[in-house]
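Student: As given, the protein sequences belong to chains D and R, one line each in that order.
Residue 1 is where the first sequence starts when you use the working numbering, and the numbers rise one by one after that.
Residue 203 is where the second sequence starts when you use the working numbering, and the numbers rise one by one after that.
Backbone N, C-alpha and C fix where the C-beta goes; we use that ideal spot for every residue, glycine too.
Before anything else, here's the structure in question.
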Amino acid sequence: MAQSLAKEFTKGLWAEIPPFRLVLGLCPTLAVTKSVENGIGMGIATTFVLVFSNLLISLLRNIIPSKVRIACYIVIVATFVTITELLMQAYTYELFLKLGIFIPLIVVNCIVLGRAEAFANKNGPLPSIADGLGIGIGYTCSLAALGAVRELLGNGTLTIWGGTPAFQMGSDFMPFKFLLEAPGAFMGLGLMLCLMNLIGKK
Amino acid sequence: MGDLFVLVISCIFINNILLAQYLGNCPFLGTSKKMETAVGMAMAVIFVLVLAGAITWIVNQYMLKALNVEYLQTLSFILVIAALVQFVEMFLKKSIPALYAGLGIFLPLITTNCAVLGVCLINIKEEYTFIESLVTSFAYAAGFGLALILFAGVRERILLARVPKPLQDVSIGLITAGIIAMTFMSFKGMV
Numbered sequence: 001m002a003q004s005l006a007k008e009f010t011k012g013l014w015a016e017i018p019p020f021r022l023v024l025g026l027c028p029t030l031a032v033t034k035s036v037e038n039g040i041g042m043g044i045a046t047t048f049v050l051v052f053s054n055l056l057i058s059l060l061r062n063i064i065p066s067k068v069r070i071a072c073y074i075v076i077v078a079t080f081v082t083i084t085e086l087l088m089q090a091y092t093y094e095l096f097l098k099l100g101i102f103i104p105l106i107v108v109n110c111i112v113l114g115r116a117e118a119f120a121n122k123n124g125p126l127p128s129i130a131d132g133l134g135i136g137i138g139y140t141c142s143l144a145a146l147g148a149v150r151e152l153l154g155n156g157t158l159t160i161w162g163g164t165p166a167f168q169m170g171s172d173f174m175p176f177k178f179l180l181e182a183p184g185a186f187m188g189l190g191l192m193l194c195l196m197n198l199i200g201k202k
Numbered sequence: 203m204g205d206l207f208v209l210v211i212s213c214i215f216i217n218n219i220l221l222a223q224y225l226g227n228c229p230f231l232g233t234s235k236k237m238e239t240a241v242g243m244a245m246a247v248i249f250v251l252v253l254a255g256a257i258t259w260i261v262n263q264y265m266l267k268a269l270n271v272e273y274l275q276t277l278s279f280i281l282v283i284a285a286l287v288q289f290v291e292m293f294l295k296k297s298i299p300a301l302y303a304g305l306g307i308f309l310p311l312i313t314t315n316c317a318v319l320g321v322c323l324i325n326i327k328e329e330y331t332f333i334e335s336l337v338t339s340f341a342y343a344a345g346f347g348l349a350l351i352l353f354a355g356v357r358e359r360i361l362l363a364r365v366p367k368p369l370q371d372v373s374i375g376l377i378t379a380g381i382i383a384m385t386f387m388s389f390k391g392m393v
């Protein structure tokens, strides 16, 4: 039991890590990774929604009629997104402002619905939590990694949490501002994907 | 009238939904391998987005605001969009089978297209009037279509090119999208 749970958890960290192996949830990936902090914030919010919606959907999987399942999933996911939105507005207001429209858009993040459809509706609550947690943490790591590349090269800083940079490049460093713009986001992600492919599929 | 024209230009080119606002990227990469699917998706998005923009505006103004429950925006909008997509699908199947055959498989995908929900939320956030919301919905959708079709054209050519193995498929697609986004960046400062 514990072993299979661990397997469900760890597959999200490498073998099926979104958005690289599982090419889903690209919009927030491109939009919020201007800094590590935003990436981590978005990742944690998505993980929260993913774990709880996976849990609830897996508990209700025998009750929800299969014909209207997608609509039911969307309502469940939207509920947790609204909870996340209100919580973030109350406790992490600055991050809430920075992520803006992308918090409500977690509803249509294909990762969440994808896991509901591909995993939670076929498995019990515990494996579903493990799956959600694994995929969520994997997603957070990807966002943080892309955020780190873009922030370090584009702005010359690294901000892990709280708004003040934890690391700053020397004053002779010329920031590569292009990476903070939209084209830089696309190319950065494309090159990271290429790097992941080079390291090889497991 | 002049203001609306400026709004249209800025929504299509300057704030292009795909390339400047980062919305709707999953179908952007998913349906752009062939020109036919790209055109189908673009048409379906224009169709649904204009309807969704109008209906969510009405829902927000006369239901959510009236009842003072604006925090239910996300939940109610996504339900409206899901229902709308279902309705449009049934309606087209019955009355315009030719159009349904063209758009058919793309319609269900639109529910989870973040461009649709995104534009509805932007309309509310920017406090547009009803007419402005209608116009921006159409313009954003048209911008989506333009970028998607441009991208599909480029991508069809890339399929014939010999791309290094690790760069293949999505990776080269993203880099191409980056180059197209760069051309769209040059519209900045026009309005």
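Alpha carbon to alpha carbon, how far is D:M42 from D:L95? Give it in angstroms, no decimals.
Tutor: Approximately 9 angstroms, taken between the alpha carbons.
Student: Output, in sequence order along the chain, the residues in the segment 140-165 of chain D whose CB is closer than 9 angstroms to any CB in chain R.
Tutor: Residues passing the 9 angstroms Cβ filter: none.
Student: Listed in chain order, which residues of the segment 102-118 of chain D have Cβ atoms closer than 8 angstroms to some Cβ of chain R?
Tutor: Taking 8 angstroms as the Cβ-Cβ cut-off against chain R, the residues of the segment 102-118 of chain D that qualify are P104, L105, V107, V108, N109, C110 and L113.
Student: Evaluate D:T140 with the Cβ neighbour count: other Cβ atoms within 10 Å of its Cβ, from every protein chain shown; 16 or more gives buried, anything less gives exposed.
Tutor: So D:T140 counts as buried.
Student: Answer with yes or no whether the minimum CB distance from R:C213 to chain D is below 8 angstroms.
Tutor: False, the Cβ-Cβ gap to chain D never drops below 8 angstroms.
Student: Can you give me the start and stop residues for the alpha helix (DSSP H) that D:S66 sits inside?
Tutor: Careful: D:S66 lies outside any alpha helix (DSSP H) and carries neither H nor E.
Student: Can you tell me whether D:F167 is helix, strand or coil according to DSSP?
Tutor: The answer is strand: DSSP assigns D:F167 an E or B state.
Student: When you check each C-beta in the segment 308-334 of chain R against every C-beta of chain D, which residues fall closer than 9 angstroms?
Tutor: The segment 308-334 of chain R vs chain D, Cβ under 9 angstroms: P310, T313, T314, N315, C316, A317, V318, L319, G320, L323, I324 and K327.
Student: Among D:T92, D:G154, D:I129 and D:L24, which residue has its Cα nearest to the Cα of D:F173?
Tutor: Ranking the options by Cα distance to D:F173, first place goes to D:G154.
Student: Spell out the partners DSSP gives D:N157 in its beta bridges.
Tutor: Per the sequence shown, residue 157 of chain D should be read as Thr rather than Asn. For D:T157, which the question treats as bridged, DSSP gives the partners D:Q168.
Student: Just to make sure I have the definition right: I need the residues of chain D whose C-beta is within less than 8 angstroms of the C-beta of R:V287. Which are they?
Tutor: Neighbours of R:V287 on chain D: none; closest Cβ ~10 angstroms, over 8 angstroms.
Student: I need the DSSP call for R:T331, collapsed to helix, strand or coil.
Tutor: If DSSP states are grouped into helix, strand and coil, R:T331 belongs with coil.
Student: Going by C-alpha distance, which of D:L13, D:V32 and D:N54 is nearest D:V149?
Tutor: Among D:L13, D:V32 and D:N54, the Cα nearest to that of D:V149 is on D:V32.
Student: Exposed or buried, which one is R:W259 when buried takes at least 16 other CB atoms within 10 Å?
Tutor: When all chains shown are included, R:W259 counts as buried.
Student: Is D:E209 buried or exposed, if buried means 16 or more other CB atoms sit within 10 Å of its CB?
Tutor: Only positions 1 to 202 of chain D appear in this structure, which leaves residue 209 of chain D out of reach.
Student: Cβ closer than 8 angstroms: which chain R residues qualify as neighbours of D:A2?
Tutor: Neighbours of D:A2 on chain R: none; closest Cβ ~34 angstroms, over 8 angstroms.
Student: Looking at the unbroken alpha helix (DSSP H) that takes in R:I211, where does it start and where does it end?
Tutor: Note, R:I211: alpha helix (DSSP H), G204 to I211.
Student: Where do the ends of the alpha helix (DSSP H) carrying D:G190 lie?
Tutor: Start and end: A182 to I199.
Student: Quick one: using the 10 Å Cβ neighbour count with 16 as the cut-off for buried, is D:S171 buried or exposed?
Tutor: Counting Cβ neighbours within 10 Å, D:S171 comes out exposed, since fewer than 16 surround it.
Student: For D:R115, report the span of its alpha helix (DSSP H) as first-last.
Tutor: Element bounds for D:R115: C110 to R115.
Student: Which residues of chain D have a Cβ atom closer than 9 angstroms to the Cβ of R:G380, listed in chain order?
Tutor: A182, P183, G184, A185, F186, M187, G188, L189 and G190, listed in chain order.
Student: In chain D, what lies closer than 9 angstroms to R:Y342 by C-beta?
Tutor: Chain D residues near R:Y342: none, gap ~13 angstroms exceeds 9 angstroms.
Student: Within 8 angstroms of any Cβ in chain R, is that where the Cβ of D:T46 sits?
Tutor: Output row for D:T46: interface = no.
Student: So, is the C-beta of D:A217 closer than 8 angstroms to a C-beta in chain R?
Tutor: Any property of residue 217 of chain D remains undetermined from this structure, which presents chain D solely from 1 to 202.
Student: Tell me whether D:K202 sits in a helix, a strand or coil according to DSSP, three-state version.
Tutor: The predicted position of D:K202 is uncertain, since its pLDDT is 48 and thus under 50; a value taken from the coordinates is nonetheless stated next. Correct three-state label for D:K202: coil.
Student: Would you say R:M292 faces chain D, with C-beta separation under 8 angstroms as the test?
Tutor: No, R:M292 lies away from the interface with chain D (no Cβ there is under 8 angstroms from its Cβ).
Student: Closer than 8 angstroms, CB to CB, is R:N217 near chain D or not?
Tutor: Judged by the 8 angstroms Cβ criterion, R:N217 is not in contact with chain D.
Student: Does the beta-carbon distance from R:V282 to R:L309 come in below 8 angstroms?
Tutor: Result no, Cβ atoms of R:V282 and R:L309 do not sit closer than 8 angstroms.
Student: Once the 5 residues before and after D:Q168 are set aside, which same chain residues still bring their CB inside 7 angstroms of it?
Tutor: Once the five neighbours on either side are set aside, the close Cβ partners of D:Q168 are G156 and T157.
Student: With a threshold of 16 other CB atoms inside 10 Å of the CB of R:F293, please say whether the residue is buried or exposed.
Tutor: By the 10 Å Cβ count, R:F293 comes out exposed.
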